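Peer 1: The structure is given below, and queries will be raised subsequently.
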Amino acid sequence: MSTAIYPGTFDPVHNGHIDIATRAAALFDHLTIAIYDRPLKSLLFSTQERRAMIEAAFQHIPNISVATYNQLTVEFARQIGAQAIVRGLRVISDFELEFQMALTNKKLAPEIEFVCLMTGQEYAFLSASTVKEIAMLGGCVAGMVPPHVADALQAKFKAGSDRGEESVKLVSLRD
Ligand code: ADP
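66 is the number of the first residue of the sequence shown in this note's numbering; add one for each residue after it.
Set out below in structure tokens:
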């Protein structure tokens, strides 16, 4: 059985991630979406919240499961018997980073393959940071995230509350 993981922070999951995972699930018998528990970046959503949003987004795809991990990605892949790690590529700058990570991971785990899928054109601009900044400033994120994620973002950035702002890396949609 072919098994892959799709690792990431998913803070929160957006339609670019969903596109990559849906396409990857068609290539492998099983895909585990692997949520990194303790990234160096500060998070808007807790691990439980990120997990619940991903589970709700993929409940209609039976060969996708969701897990959290906090060790090396290749160690987690080995632990669950995955043969491949899936990543998404948006722009050239993603390629440089992914290439370096793939070569490093290959050194650590030569038996695991890295599969990069190109973003769908309509998602090339999307990142979790962009989505958070738009939501924080009261903009509309419909079409960028599923409705339940849009609701969760709205709840985090309730009018008059600055809760969560420190976790939003500004790419700057305000100047
Ligand atoms: P983000 O970059 O949105 O904060 P993550 O760090 O959780 O997301 O990334 C997880 C994986 O998803 C990475 O391989 C990343 O390149 C990929 N990815 C993120 N956004 C997109 C997108 N819009 N299209 C395709 N792949 C994406």
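For every residue, glycine included, the Cβ atom is placed at its ideal position computed from N, Cα and C.
Owing to the predicted nature of the structure, the values given are computational and were not obtained by experimental measurement.
The ligand ADP heavy atoms versus the CB of G13: any closer than 7 Å?
Peer 2: No information on residue 13 is available, as it lies outside the stretch 66 to 240 that the chain covers here.
Peer 1: Going by the C-beta, is T97 closer than 7 Å to any heavy atom of the ligand ADP?
Peer 2: Within the sequence shown, numbered from 1, the residue matching residue 97 stands at position 32. No; taking the cut-off as 7 Å, the Cβ of T97 has no heavy atom of the ligand ADP nearer than that.
Peer 1: Across which residues does DSSP place C181 in a beta bridge pair?
Peer 2: As a first step, residue 181 must be located in the sequence shown, where it is residue number 116. Note: C181 sits in a beta bridge opposite R152.
Peer 1: Spatial neighbours of Y94 within its chain, please: C-beta separation below 8 Å, excluding the five flanking residues on both sides.
Peer 2: Taking the first residue of the sequence shown as 1, we reach residue 94 at position 29. Sequence check: residue 94 is Asp here, not Tyr. Counting only Cβ-Cβ distances below 8 Å, and skipping sequence neighbours, we find M66, S67, T68 and N128.
Peer 1: When DSSP labels each residue in this structure, what does H82 get in the three-state scheme?
Peer 2: In the sequence shown, the residue the question calls residue 82 occupies position 17. Three-state result, H82: helix.
Peer 1: Should I70 go down as buried or exposed, given a rule of 16 or more other Cβ atoms within 10 Å for buried?
Peer 2: For the purposes of this step, residue 70 is taken as residue 5 along the sequence shown, with counting starting at 1. The residue in question, I70, is buried, as its Cβ has 16 or more Cβ neighbours within 10 Å.
Peer 1: Below 7 Å, is the gap between the Cβ of A91 and the nearest heavy atom of the ligand ADP?
Peer 2: Translated into the one-based positions of the sequence shown, residue 91 becomes position 26. No - the ligand ADP has no heavy atom lying nearer than 7 Å to the Cβ of A91.
Peer 1: When the distance is taken between beta carbons, is L191 closer than 8 Å to H79?
Peer 2: Along the sequence shown, one-based indexing puts residue 79 at 14. Along the sequence shown, one-based indexing puts residue 191 at 126. Contact: yes.
Peer 1: Between the Cα of A91 and the Cα atoms of I126, R115 and V233, which residue gives the shortest distance?
Peer 2: Numbered from its first residue, the sequence shown carries residue 91 at position 26. The shortest C-alpha separation from A91 is found at I126.
Peer 1: Considering only heavy atoms of the ligand ADP, does any lie closer than 7 Å to the CB of A73?
Peer 2: Reading the sequence shown from its first residue, position 8 is the one you call residue 73. Strictly speaking, residue 73 in this sequence is Gly, with Ala absent from that position. G73: yes, Cβ under 7 Å from the ligand ADP.
Peer 1: Taking 7 Å as the cut-off, is the beta-carbon of L168 closer than that to any non-hydrogen atom of the ligand ADP?
Peer 2: Within the sequence shown, numbered from 1, the residue matching residue 168 stands at position 103. The answer is no for L168.
Peer 1: Following a CB-centred definition, is Y134 positioned closer than 7 Å to any heavy atom of the ligand ADP?
Peer 2: Numbered from 1 along the sequence shown, position 69 holds the residue referred to as residue 134. Incorrect: Y134 has no Cβ contact closer than 7 Å to the ligand ADP.
Peer 1: On the DSSP bridge assignment, give the partners of A69 in chain order.
Peer 2: Here residue 69 is taken as the residue at index 4 of the sequence shown, counted from 1. The partner list for A69 (beta bridge, DSSP) reads L96 and A149.
Peer 1: Buried or exposed for L202, going by 16 or more other Cβ atoms inside 10 Å?
Peer 2: Taking the sequence shown and counting its residues from 1, the one referred to as residue 202 is at position 137. Under this definition L202 is an exposed residue.
Peer 1: Please state whether DSSP places G225 in a helix, a strand or coil.
Peer 2: Sequence index remark: in the sequence shown, residue 225 carries index 160 (1-based). In this prediction, G225 has a pLDDT of 49, which is less than 50 and means its spatial position is unreliable; nothing more can be read from the coordinates.
Peer 1: In chain order, what residues of the same chain have a beta carbon less than 6 Å from the beta carbon of I85, not counting five sequence neighbours either side?
Peer 2: Reading the sequence shown from its first residue, position 20 is the one you call residue 85. G153 and L182, listed in sequence order.
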